[in-house]
Amino acid sequence: MSHTETAEDSDGEIFEDAHDSPLEQRISDSIVATKDNKENGIFSLVPSRVATFPSPSQPSSTSQTDAICNPDSFSDLFRLLAPSKPANRREKLPFPRDRHSYSLWSLLKNFVGKDVTRIALPVHLNEPLSFTQRLVEDLEYYELAHKAAAASSVSKRLAMLAALASSCWVTTLTRYGKPFNPLLGETYEMVHQEGGFCVVSEQVSHHPPITALHVESDRWVFWEEYKLDIKFRGQWVKVLPTGLVHFMTKDDGYHYSWNKPHSTIHNVLFGTLWADHEGDVVVTCHSTGEKAVVHFVPYSKAKERYRELHGNVFDEKGEVQYILHGAWDKGMTRKSRDGTGVKEMWRANEQVPNWERQYGFTQFAMTLNEPEETATCPTDSRYRPDQRLLENGDVDEASDEKFRLEEKQRTARRLRESRKERWRPVWFDLVDDPDTKTSYYRFNGKYWDAKLRNCWDSSPDIF
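Numbering (numbering that gives the first Met the number 0), first residue to last: 0 to 462.
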């Protein structure tokens, strides 16, 4: 459990229990579809309960309705998917990280200024997680999502979402292993019993690499399309995420989105690796026009404010409602615009024992690649052999498997090209988002139906 505010605080914010009812239809039929807006041809989410906030003059037009079950049926779905007994989470990896001696310069000197996403790096530079799993760490402090959904105002919700958007960078302070590049069609699922949410991710594009993520609880939906540009300039690598993160509350259908800061990894070739994040993260409520802005203070030689965060929550008129402050490796607080009522929204978890030999993983990250006992999609990252071999300390065999899998992927691509076939993701569909004026991959809701039937006929053979 991470260090965040309790379920009930001095503002009276408290979680409501979901109302349970029998699952009377298949999952694909339990979706709450809504009124047909004939003017713009879009569907709006009809709240399954009374809205917490006054209805906005311009309701959010983003539709997740093809992917969202209402809270009642989700509760039943979660009971079907969740393990029958509490999970006994592992506290360390099967094998400590091997201490390799290698020269990054000899590996990367010919790639300066080129597309780093196309470089096949040695397996000992990897950590035993795929990016389909690593992306789930954006919700390590998932209590913030629960608190945001239960907030008594849009302003408080924006503050919580700003904290959530900032919390996912804490692990970059001491963690520099590269996640495995997901194979095209690779997936990951998680039914997080303690957190009460379900996760599905899929690698929907290989070049450019794009990972789609969908997370759902009984009160909220979180979705993300992660794509990025990378600039390699010798001693540093700059990572520029270009996708957006989204959050929607089921009670009222309010839609929020935010960007990610730019990241720089320093001393790539010589010296000690370290990471820096900079820029403004803007969390927007598309339903009301309110927003939060968090500034990631960039590194400077003085180092006086390195890792610092500061920002504000603004109402629809642009007036400050809350002041935000913290550090991306420590935590974040909020206070009223007059400087009173300071509240700690999140605090970084303590590192696990012997974290250096555990790839710098947190306790949450340690659980992501645990073998799954229940029926799981055959493209799930847990079944990826090179990754499992690395986790078990078989580096040489992992390297051979990594090469085999990459060759298999190239062969499959050439076959599709010869047949003039176009790759289509299985669990996500490309759609337009009228709120952000962008296209993104939306979860199509078919995954959990396939899991309950244990029927994976549509899954490709990638391993």
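In this text, a Cβ means the ideal position worked out from N, Cα and C, and glycines have one as well.
Count the other CB atoms within 10 Å of the CB of residue i; is the residue buried (16 or more) or exposed (fewer)?
| i | result |
| --- | --- |
| residue 125 | buried |
| residue 127 | buried |
| residue 368 | buried |
| residue 437 | exposed |
| residue 373 | exposed |
| residue 180 | buried |
| residue 90 | exposed |
| residue 279 | exposed |
| residue 206 | exposed |
| residue 311 | buried |
| residue 270 | exposed |
| residue 260 | buried |
| residue 256 | buried |
| residue 422 | exposed |
| residue 138 | buried |
| residue 316 | exposed |
| residue 53 | Confidence at residue 53 is low in this model, with a pLDDT of 31, below 50, so the placement of that residue is unreliable and no value is reported for it. |
| residue 214 | buried |
| residue 217 | buried |
| residue 450 | buried |
| residue 338 | exposed |
| residue 454 | exposed |
| residue 82 | exposed |
| residue 178 | buried |
| residue 299 | exposed |
| residue 335 | exposed |
| residue 283 | buried |
| residue 221 | buried |
| residue 318 | exposed |
| residue 460 | exposed |
| residue 381 | buried |
| residue 146 | buried |
| residue 129 | buried |
By the three-class DSSP mapping on this structure, what secondary structure does residue i have?
| i | result |
| --- | --- |
| residue 446 | helix |
| residue 462 | coil |
| residue 193 | coil |
| residue 86 | coil |
| residue 21 | Residue placement at residue 21 is flagged as unreliable, the pLDDT there being 33, under the threshold of 50; the coordinate-derived value follows with that caveat. Three-state result, residue 21: coil. |
| residue 215 | strand |
| residue 387 | helix |
| residue 393 | coil |
| residue 151 | coil |
| residue 145 | helix |
| residue 81 | coil |
| residue 334 | strand |
| residue 158 | helix |
| residue 346 | strand |
| residue 406 | helix |
| residue 239 | strand |
| residue 491 | This structure gives no information on residue 491, because the portion of the chain shown stretches from 0 to 462. |
| residue 398 | helix |
| residue 122 | helix |
| residue 455 | coil |
| residue 135 | helix |
| residue 360 | coil |
| residue 246 | strand |
| residue 369 | coil |
| residue 34 | With a pLDDT of only 32 at residue 34, under 50, the local geometry of the prediction cannot be trusted, and the value read off the model is given with reservation. Here residue 34 sits in coil by DSSP. |
| residue 326 | strand |
| residue 28 | Reliability of the predicted coordinates at residue 28 is poor, the pLDDT of 37 falling under 50, and no value is obtained from them. |
Round the Cβ separation of residue i and residue j to the nearest angstrom and send it over; I've been treating them as touching at under 8 Å.
| i | j | result |
| --- | --- | --- |
| residue 223 | residue 134 | 7 Å |
| residue 210 | residue 378 | 13 Å between Cβ atoms; not a contact. |
| residue 204 | residue 327 | In fact, because the Cβ distance is near 28 Å, the residues do not count as touching under 8 Å. |
| residue 219 | residue 189 | In fact, because the Cβ distance is near 16 Å, the residues do not count as touching under 8 Å. |
| residue 293 | residue 308 | 6 Å |
| residue 168 | residue 245 | So it is not a contact: roughly 19 Å between Cβ atoms. |
| residue 173 | residue 359 | 5 Å |
| residue 400 | residue 388 | 6 Å |
| residue 289 | residue 313 | 6 Å |
| residue 170 | residue 366 | Not really, about 14 Å apart at Cβ, beyond 8 Å. |
| residue 144 | residue 345 | That belief does not hold up - the Cβ atoms of residue 144 and residue 345 are roughly 11 Å apart, past 8 Å. |
Does at least one heavy atom of the ligand GDP sit under 7 Å from the Cβ of residue i?
| i | result |
| --- | --- |
| residue 154 | Judged by which ligands are present, the structure shown has none, so any question about the ligand GDP falls away. |
Alpha helix (DSSP H) segments (min. 4 residues) lying fully within the region 263 to 307: none
Contact the region 231 to 239 vs the region 413 to 431: 3+ CB pairs below 8 Å: No contact exists between the region 231 to 239 and the region 413 to 431.
Segment contact, 8 Å Cβ cut-off, at least three pairs: the region 427 to 434 with the region 151 to 158: no
Complete runs of the beta strand (DSSP E) confined to the region 163 to 190 [at least 3 residues]: 177 to 179
At least three beta-carbon pairs within less than 8 Å, the region 238 to 252 to the region 75 to 83: The region 238 to 252, when compared against the region 75 to 83, does not touch it at the 8 Å Cβ threshold.
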